[in-house]
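Residue numbers (full-length UniProt numbering): 1 to 178.
Right, dumping it as structure tokens:
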């Protein structure tokens with residue numbers, strides 16, 4: 001969302017490929033300008049809903065991401081449901097930045113919890129959850145798989161260009177690779 005923390009991570013890890021996903025085209029236009037200004041070659045943007053990525057372009061996105069990073073997009077179980085098919089099987093990890101209380105079943109399944117708040121700020125932390133536990137938590141979300149229109153039925157913007165796909169809400173940052 002808004003390029004944070006995706007852009008700083010891309011700067012720190014130039015050998016890693018990043019796909020920044022947002023449903024708000026205006027944000028992606030600004031992010032594309034930043035990518036160009038910073039001459040980053042390891043970052044692309046994608047205008048779509050994260051929850052539709054695996055079903056709209058399964059050969060392109062399903063089980064392709066070593067890490068999926070979300071920042072207060074929705075409830076953790078729902079985000080797990082949306083992204084479970086994007087993670088590389090067995091080795092994939094989800095990192096979710098959130099504040100507030102967690103459901104016990106989520107907290108118990110976290111591989112790692114890292115506090116990231118500064119002094120005087122609302123308590124925030126980054127949760128790291130492995131792929132097996134992402135699947136398990138997703139099962140607690142109450143979400144059901146939905147059929148999505150054919151790939152190419154709507155406009156989707158990739159890195160400043162348009163191609164087939166969809167638009168809507170949901171933001172996250174994907175880190176491709178293992």
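We treat Cβ as the ideally placed atom computed from N, Cα and C, and that holds for glycine.
Does the distance from the C-beta atom of residue 20 to that of residue 6 stay below 8 Å? yes
With a floor of 3 residues, list each beta strand (DSSP E) that falls wholly inside the region 84-114, ordered by position along the chain. 93-99
Note down the Cα distance separating residue 136 from residue 15, rounded to an integer number of angstroms. 31 Å
Going by DSSP, name the residue or residues bridged to residue 70. 96
Counting only the same chain and skipping the five closest in sequence on each side, list residues whose C-beta sits under 6 Å from that of residue 74. none
I believe residue 3 touches residue 34 by the beta-carbon criterion, under 8 Å. Please report the beta-carbon distance rounded to the nearest angstrom. 6 Å
Per-residue burial, residue 57 [other beta carbons within 10 Å of its own, 16 or more giving buried]: buried
Between residue 62 and residue 71, what straight-line distance do the alpha-carbon atoms span, to the nearest angstrom? 21 Å
Residue 23 versus 46, 118, 124, 106, residue with shortest Cα-Cα distance: 46
Going by Cα to Cα distance, which pick from 18, 55, 116 is closest to residue 43? 18
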